[in-house]
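Working notes for the structure below.
In full-length UniProt numbering, the protein residues as written are 1 to 268.
Following this line, the structure appears as structure tokens:
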């Protein structure tokens, strides 16, 4: 018997191979279409449909901050779009960047001390605000601003003196706007005020002179001035002041009492 190659054999195998290839390509095309459809559905659900979209914003704790300005800021953050698209990922409650919002609020509103956010699925964003409590007014040469007990400055205040808020006149020149008061200046003043309160002396205002480094002057409601220095033993000097006042008659009305040097007191 003669051996040889049957012409139809390879042709049949090639047909089967091509059928398998077409079937594979068809299934691949179907899979790609399904994947694209699913991806498109997910994108639509996340960024274009009402599902999980922030529709309710609640802000608590506002006292002096304009609520309209706060709502406007949150709406702007919520409606930010991806570059050259109409996609707004922040509008979806799953992707809203609460940390960025918190930092933005604290940066734009110095009067706000704390910001807490919470999310109630599927549509509600709650922003809880705690504003700073004014400790006094800090008046520079050109303007007065409120400050709290940590020294943070904000807003605009009227120049005044009285017992409701502590008034500090800062006569030093500064070319830059001060955002926070130096603790080395504020803390001794606070300590002095606390000490004077314990001996019954009420403060009208505090003045920081332009030239003398570390010095500050306390104006009292009884008429005379008290001179202190940041580097001195403040509470020790207050004790010395009390001893002096106890020794003097009620008619004792000096122009000033100098307590800038530890262990000593001078008056005129």
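Ideal Cβ placement from N, Cα and C applies to all residues, glycine included.
Could you check if residue i is buried or exposed, using at least 16 other CB atoms within 10 Å of its CB as the buried criterion?
| i | result |
| --- | --- |
| residue 91 | buried |
| residue 357 | No answer is possible for residue 357: it lies beyond the span of the chain, which begins at 1 and ends at 268. |
| residue 1 | For residue 1, the pLDDT reaches just 46, beneath the cut-off of 50, and the residue's location in the model is therefore unreliable, leaving the point undetermined. |
| residue 230 | buried |
| residue 6 | With a pLDDT of 49 at residue 6, under the threshold of 50, the predicted position of this residue should be treated as unreliable, and no value is reported. |
| residue 136 | buried |
| residue 216 | buried |
| residue 173 | exposed |
Compute the Euclidean distance between the alpha carbons of residue i and residue j, then round it to the nearest angstrom.
| i | j | result |
| --- | --- | --- |
| residue 191 | residue 232 | 11 Å |
| residue 85 | residue 54 | 19 Å |
| residue 109 | residue 170 | 24 Å |
| residue 265 | residue 251 | 19 Å |
| residue 222 | residue 263 | 24 Å |
| residue 271 | residue 195 | The question about residue 271 has no answer here: the residues shown for the chain are numbered 1 through 268. |
| residue 200 | residue 209 | 25 Å |
| residue 87 | residue 207 | 55 Å |
| residue 219 | residue 204 | 5 Å |
| residue 29 | residue 35 | 10 Å |
| residue 126 | residue 82 | 24 Å |
| residue 100 | residue 129 | 15 Å |
Of all the options the options, which has the alpha carbon lying nearest to the alpha carbon of residue i?
| i | options | result |
| --- | --- | --- |
| residue 51 | 95, 137 and 139 | 95 |
| residue 60 | 100, 114, 30 and 22 | 114 |
| residue 111 | 124, 69 and 133 | 133 |
| residue 258 | 241, 164, 249 and 247 | 241 |
| residue 104 | 74, 122 and 140 | 74 |
Go to residue i, then tell me how far its alpha helix (DSSP H) extends in each direction, as first and last residue.
| i | result |
| --- | --- |
| residue 136 | From DSSP, residue 136 is part of no alpha helix (DSSP H) but of the beta strand (DSSP E) over 136-139. |
| residue 272 | In the structure as shown, the chain starts at 1 and stops at 268, and residue 272 therefore has no counterpart that could be examined. |
Fill in: the segment 180-189 / the segment 146-155 touching (three or more Cβ pairs under 8 Å)
yes
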